[in-house]
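**Q**
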Amino acid sequence: MIVVRRSIVSDMVHEMDLPITQEQIAAWEAGTLVQYAFPHLTASQREFIMTGITEQEWNDMFIDDEPESSVEDGYEHEDDGQPSEMQEWHDFDPDC
1 MIVVRRSIVS
11 DMVHEMDLPI
21 TQEQIAAWEA
31 GTLVQYAFPH
41 LTASQREFIM
51 TGITEQEWND
61 MFIDDEPESS
71 VEDGYEHEDD
81 GQPSEMQEWH
91 DFDPDC
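Under the UniProt record's numbering, the letters of the sequence shown match residues 1 to 96, in that order.
1) Thr21: which of Asp11, Leu41, Asp60 sits nearest, CA to CA?
2) Which of helix, strand or coil does DSSP assign to Val34?
3) On the DSSP letters alone, give me the boundaries of the beta strand (DSSP E) that Ile25 sits inside.
4) Using a Cβ-Cβ cutoff of less than 6 Å, which residues in the same chain neighbour Pro17 once the five nearest sequence positions on both sides are dropped?
5) Counting pairs of Cβ atoms below 8 Å between the region 52-65 and the region 3-10, do you hit three or more?
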């Protein structure tokens with residue numbers, strides 16, 4: 001069945017050919033949880049049914065090609081929001 005949805009992210013209209021029935025859609029619209037109404041679909045296919053977001057849009061929003069790197073206080077580290085071991089020692093003992 002061809003399912004047409006408008007993405008809540010991009011506002012673009014997408015369509016996807018999914019192996020589902022009208023009865024399954026009716027069950028989902030009546031309140032059945034999406035994972036129970038469509039247990040054979042992938043998570044990204046179920047996401048498309050609920051929000052219109054395609055797997056490509058999801059990846060564009062959340063997947064970085066490279067981790068961020070920054071130089072702070074002369075120490076290079078991946079920006080994970082945590083200080084490096086050297087930065088922690090520097091804070092504890094400024095003479096190191």
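Think of the CB as a built atom: it goes at the ideal place given N, C-alpha and C, for glycine as much as any other residue.
**A** Quick answer:
1) Leu41
2) helix
3) First-last for Ile25: 22-29, but that is the alpha helix (DSSP H), not the beta strand (DSSP E).
4) According to the sequence shown, residue 17 is Asp rather than Pro. Once the five neighbours on either side are set aside, the close Cβ partners of Asp17 are Ile2.
5) yes
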